[in-house]
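Have a look at the structure below, then the notes.
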């Protein structure tokens, strides 16, 4: 066992950076005002809120008034899809998403379908890549919104957002991207990348849970889904969670300052990890592209082993990893992302996601590379290669 | 309220140190259940011996491709029926396997059902082979 537990699941959530934590503290019990109050407590909180808005907008080249705060990326994505759909239903009823979106996009789209909207799910290639050409073909006169995830939370594939955005602009459809995994990790500019709406979350980039944002380009027609006191220019009623938002803003400030250097450092570790796993473990395969993937993401599938059993064994060895998205751990279906890139069920069930972060060190990668081959080997002994015997078997046939 | 860990101590113990995995080369009955779709495949091998006119499971082993719960339930199922008569073995239900494991997450209960199905399949296969021999 390593002296300290090794965390390689930064795509699930990240620890709060100590600098973020310190910035938040006064807002719990000293500067605790309600941003809607007229007295000095309220105005102090409002000042912090507006300064936070500036910090967050700076990271994506947006104007502060184009950013609204929410409680989670799930909320931001729900607002983007449902808000655009209902505000623009007179213009059209068609929405396009990719087949590797996060569940909060897919489920929002599924719900909108029940309300009478038409949904197109774009296919991806074997690397999880959405072709701009396919977007062009799928856009119709009635298309009001296209939503494509910037970087896959599971396999790390970075999409050609700029090209897709350009097509949407030309065709007059709004373009939304779920940038939860890329925000603060790789450069984003909403103007040069032709983005109309963008979702991001604090807890994936060393901020606290409970804060997120939706960038909405000025002039975009959108309806709120939460109605009430009219906070966030009426688009998101709710008392503002100032401490969390101050933390989110501080996390953005830190991310902006060291982004390129940190990305480079993580790419070095990631490539070492990928190379090590593929060379040390027979029957190991990389999911997604070798390059052009998130600096911190590695995702594999292993022949003759089930992913969850690897995760449990790694945990017992002091390493936290994931089979895919943490959200999919509640059902037994293999990852829809891995199925969309063409993996078979047994291959998708054998997947392992390792995601690095600000505190990942080379010694931790070395430790992982030292224990993982043995874990896979042991599990293969238990399975005795029975998966290979009859791949077409899908019943409880007797041998 | 104390949240119990996802897997019980016994499940982890069985998963990390299964006693009964491997193949019986000249098995008297073999059962293979599950499918790649659900992610779990189990194969159980039994060796049967006649003692005082009763058919007894003398040895039982498994190969399982699956999650920690699938491996632990396979191992537990083997222990529960070893030395038992075939009739006794057929009476073991999935709840008994879960009870002996401490507990299983509700989403993994199907693993214990699969282990029992594997056992039933191995015994059924044994009976079928017996019939053929008698002909």
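Protein chains in written order, with the numbering used here: chain A, 118 to 516; chain B, -7 to 127. Glycine residues also receive a C-beta, built at the ideal position from the N, C-alpha and C atoms. Since this is a predicted model, take the numbers as computed values, not measurements.
| message | What residue range does the beta strand (DSSP E) around residue 295 of chain A cover? | response | As a first step, residue 295 of chain A must be located in the first chain, where it is residue number 178. Segment 291 to 295, the beta strand (DSSP E) holding residue 295 of chain A.
| task | Kindly provide the ranges of any beta strand (DSSP E) runs that are 3 or more residues long and lie completely inside the stretch 341 to 412 of chain A, ordered along the chain. | result | Runs of the beta strand (DSSP E) inside the stretch 341 to 412 of chain A: 401 to 403.
| request: Kindly say whether residue 461 of chain A, judged by its beta-carbon, lies nearer than 8 Å to any beta-carbon of chain B. | output: By 1-based counting over the first chain, the position of residue 461 of chain A is 344. So yes, residue 461 of chain A belongs to the interface.
| Runs of beta strand (DSSP E) wholly within the stretch 420 to 485 of chain A (minimum 3 residues, chain order) | 468 to 472, all fully within the stretch 420 to 485 of chain A.
| chain A residues whose Cβ lies nearer than 8 Å to that of residue 12 of chain B | For this step, residue 12 of chain B is matched to residue 20 along the second chain. In chain order: nothing, as chain A lies at least about 10 Å away.
| request: Report, in whole angstroms, the separation of the C-beta atoms of residue 191 of chain A and residue 331 of chain A, which I expect to be a contact under 8 Å. | output: Reading the first chain from its first residue, position 74 is the one you call residue 191 of chain A. Reading the first chain from its first residue, position 214 is the one you call residue 331 of chain A. Residue 331 of chain A and residue 191 of chain A do not touch by the CB rule: their CB atoms are close to 11 Å apart, not below 8 Å.
| task | Evaluate residue 119 of chain B with the Cβ neighbour count: other Cβ atoms within 10 Å of its Cβ, from every protein chain shown; 16 or more gives buried, anything less gives exposed. | result | Within the second chain, numbered from 1, the residue matching residue 119 of chain B stands at position 127. That one is exposed.
| request: Within its chain, find whatever has a CB closer than 6 Å to the CB of residue 500 of chain A; leave out the 5 residues flanking it on each side and keep chain order. | output: Stepping through the first chain from its first residue, residue 500 of chain A is reached at position 383. The residues are 421.
| Just checking, does the stretch 192 to 212 of chain A make contact with the stretch 222 to 229 of chain A on the three C-beta pairs under 8 Å criterion? | The stretch 192 to 212 of chain A makes contact with the stretch 222 to 229 of chain A, as at least three CB pairs between them are under 8 Å.
| field | Option nearest residue 386 of chain A by Cα separation, candidates A:199, A:198, A:485 | value | Taking the first residue of the first chain as position 1, residue 386 of chain A is located at position 269. Here the closest residue by C-alpha is A:485.
| beta strand (DSSP E) containing residue 51 of chain B: first to last residue? | Numbered from its first residue, the second chain carries residue 51 of chain B at position 59. Note, residue 51 of chain B: beta strand (DSSP E), 46 to 57.
| Looking at the structure shown, is residue 211 of chain A part of a helix, part of a strand, or coil, going by DSSP? | Counting from one through the first chain, the residue named residue 211 of chain A turns up at place 94. DSSP places residue 211 of chain A in strand when its eight states are reduced to three.
| said: With the cut-off set at 8 Å, would you say residue 61 of chain B and residue 30 of chain B are in Cβ contact? | reply: Position 69 of the second chain, counted from the first residue, corresponds to residue 61 of chain B. Position 38 of the second chain, counted from the first residue, corresponds to residue 30 of chain B. No, Cβ-Cβ distance for residue 61 of chain B and residue 30 of chain B is not below 8 Å.
| Taking just the CA atoms, how far does residue 40 of chain B sit from residue 124 of chain B? | Looking up residue 124 of chain B in the second chain gives position 132. Looking up residue 40 of chain B in the second chain gives position 48. Taking C-alpha positions only, residue 124 of chain B is separated from residue 40 of chain B by approximately 16 Å.
| task | Hey, could you find the ends of the alpha helix (DSSP H) residue 34 of chain B is sitting in? | result | For the purposes of this step, residue 34 of chain B is identified with residue 42 of the second chain, where counting begins at 1. Segment 32 to 43 is the beta strand (DSSP E) holding residue 34 of chain B; no alpha helix (DSSP H) there.
| request: Determine the DSSP secondary structure at residue -2 of chain B, reduced to helix, strand or coil. | output: Residue numbering aside, residue -2 of chain B sits at position 6 when the second chain is read from its first letter. Residue state, collapsed to three classes: coil.
| Run through DSSP, which three-state label would residue 173 of chain A get? | Counting from 1 along the first chain, the entry for residue 173 of chain A is found at position 56. Residue 173 of chain A: helix per DSSP, three-state reduction.
| request: Could you tell me how far apart the beta carbons of residue 73 of chain B and residue 52 of chain B are, in whole angstroms, since I believe they sit closer than 8 Å? | output: Mapped onto the second chain, residue 73 of chain B falls at position 81. Mapped onto the second chain, residue 52 of chain B falls at position 60. Right, the Cβ-Cβ distance comes to about 6 Å (below 8 Å), so this counts as a contact.
| task | Please report the residue range of the beta strand (DSSP E) in which residue 235 of chain A lies. | result | Residue numbering aside, residue 235 of chain A sits at position 118 when the first chain is read from its first letter. From DSSP, the beta strand (DSSP E) with residue 235 of chain A extends over 235 to 239.
| said: For a test of the three-state rule: what should DSSP assign to residue 128 of chain B, helix, strand or coil? | reply: This structure gives no information on residue 128 of chain B, because the portion of chain B shown stretches from -7 to 127.
| query | In whole angstroms, what is the alpha-carbon distance linking residue 115 of chain B and residue 21 of chain B? | reply | Here residue 115 of chain B is taken as the residue at index 123 of the second chain, counted from 1. Here residue 21 of chain B is taken as the residue at index 29 of the second chain, counted from 1. When only Cα atoms are considered, residue 115 of chain B and residue 21 of chain B end up about 6 Å apart.
| said: So the candidates are B:47, B:43, B:55; which of them puts its Cα closest to the Cα of residue 14 of chain B? | reply: To locate residue 14 of chain B, count along the second chain from 1; it is residue 22. Of the listed residues, the one whose Cα sits closest to residue 14 of chain B is B:55.
| Counting only beta-carbon atoms, is residue -3 of chain B nearer than 8 Å to chain A? | By one-based count along the second chain, residue -3 of chain B stands at place 5. Taking Cβ atoms only, chain A never reaches closer than 8 Å to residue -3 of chain B, which makes this a no.
| message | Any beta carbon from chain B within less than 8 Å of residue 396 of chain A's own beta carbon? | response | In the first chain, residue 396 of chain A corresponds to position 279, counting from 1. It does not: the Cβ of residue 396 of chain A has no partner Cβ on chain B nearer than 8 Å.
| Skipping 5 residues on each side, what residues in its chain have a beta carbon closer than 7 Å to that of residue 443 of chain A? | Within the first chain, numbered from 1, the residue matching residue 443 of chain A stands at position 326. Note on residue 443 of chain A: pLDDT 49, under 50, position unreliable in the model; no value is reported.
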